[in-house]
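Some notes on the structure that comes next.
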Amino acid sequence: MFYRNRDKLQKISVKTGIIFSRIGLTPNQWTFSAAIPALAGFYFLVDGDFILASVFFLASFFIDLVDGAVAKVTGKETKRGAYFDTIMDRYVEFLVLFGFILIELPAFVLPSTAWIMLTLFGSFMTTYAKAAASEKKIVEKELKGGLLERAERLILLFIGVLAAAFNPLYLVYVLIVLSFLTNVTALQRMYYALRG
0 MFYRNRDKLQ KISVKTGIIF SRIGLTPNQW TFSAAIPALA GFYFLVDGDF
50 ILASVFFLAS FFIDLVDGAV AKVTGKETKR GAYFDTIMDR YVEFLVLFGF
100 ILIELPAFVL PSTAWIMLTL FGSFMTTYAK AAASEKKIVE KELKGGLLER
150 AERLILLFIG VLAAAFNPLY LVYVLIVLSF LTNVTALQRM YYALRG
């Protein structure tokens with residue numbers, strides 16, 4: 000979804016990179032620092048303070064945007080940096096979903112843990128569908144796009160955590176949406192890869 004508007008987002012990214020590059024942190028330091036508010040968000044999530052959890056998760060998600068923007072405007076984009084960023088992204092996303100397992104959520108059709116696991120699997124497969132296509136060399140360019148990329152997943156996760164402050168069932172509804180859309184996106188990417 001955001002991939003279709005990448006030109007507009009690119010301009011915003013450049014401005015963001017210029018502003019935050021003045022702080023003096025390297026792109027990798029920005030990447031690592033995203034884990035700090037994510038851990039704080041995890042703590043408050045498990046503690047049942049969904050408002051503070053959503054605030055810290057939002058901060059972590061924002062910092063995740065900053066590292067790439069800073070790397071671009073400072074000319075410090077590297078394959079190692081991109082790799083490190085990708086790995087840290089997975090850890091942060093897992094931390095949020097793992098936190099959901101540790102709190103008491105109501106069932107809706109299926110137990111909440113089933114929706115969490117389906118979301119986790121769909122998120123993993125979305126990433127793996129892209130990585131496997133590159134590894135097997137069946138695509139010339141890196142697979143991008145799809146119904147629900149990471150940015151959209153993070154937005155929905157943030158909305159879910161915030162909504163849980165009003166009613167935990169709202170978070171379950173968000174997880175149901177995520178469980179379907181992440182897996183649809185994985186199938187989309189598999190189709191794109193096989194289509195060539």
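Oh and the sequence shown: position 177 is 176 in numbering that gives the first Met the number 0, straight run, nothing missing.
Every residue gets a Cβ at the ideal spot worked out from N, C-alpha and C, and that includes glycine.
Since we're looking at a predicted model, the values are computed, not measured.
Give me the Cα-Cα distance between residue i and residue j, rounded to the nearest whole angstrom.
i, j, result
"L169", "D48", "First, the residue type needs correcting, since residue 169 is Tyr and not Leu in the sequence shown. Looking at the two C-alpha atoms, the distance is approximately 15 angstroms."
"L123", "M189", "Looking at the sequence provided, one finds Phe at residue 123 rather than Leu. Computed Cα separation, rounded: 13 angstroms."
"F101", "V45", "In the sequence as displayed, the identity of residue 101 is Leu instead of Phe. Between L101 and V45, the C-alpha separation is close to 6 angstroms."
"A131", "S12", "28 angstroms"
"V176", "K75", "37 angstroms"
"F99", "T125", "20 angstroms"
Here's the rule: buried if 16 or more other CB atoms are within 10 angstroms of the residue's CB, otherwise exposed. What is residue i?
i, result
"P26", "buried"
"G67", "buried"
"R21", "exposed"
"E134", "exposed"
"P110", "exposed"
"E148", "buried"
"E103", "exposed"
"P105", "exposed"
"K78", "exposed"
"I18", "exposed"
Could you tell me the boundaries of the alpha helix (DSSP H) in which residue i lies?
i, result
"T25", "Run containing T25: none; DSSP gives neither H nor E here."
"K78", "K78 to L101"
"F107", "Neither: F107 is in no alpha helix (DSSP H) and is coded neither H nor E."
Keeping to the same chain, check which residues put their C-beta closer than 6 angstroms to that of residue i; ignore five residues upstream and five downstream.
i, result
"F107", "V171"
"A128", "A185, R188 and M189"
### Query
Counting Cβ pairs closer than 8 angstroms, one from the stretch 137-153 and one from the stretch 72-85, do we hit at least three?
As far as the Cβ criterion goes, the stretch 137-153 does not touch the stretch 72-85, which means the pair count is below three.
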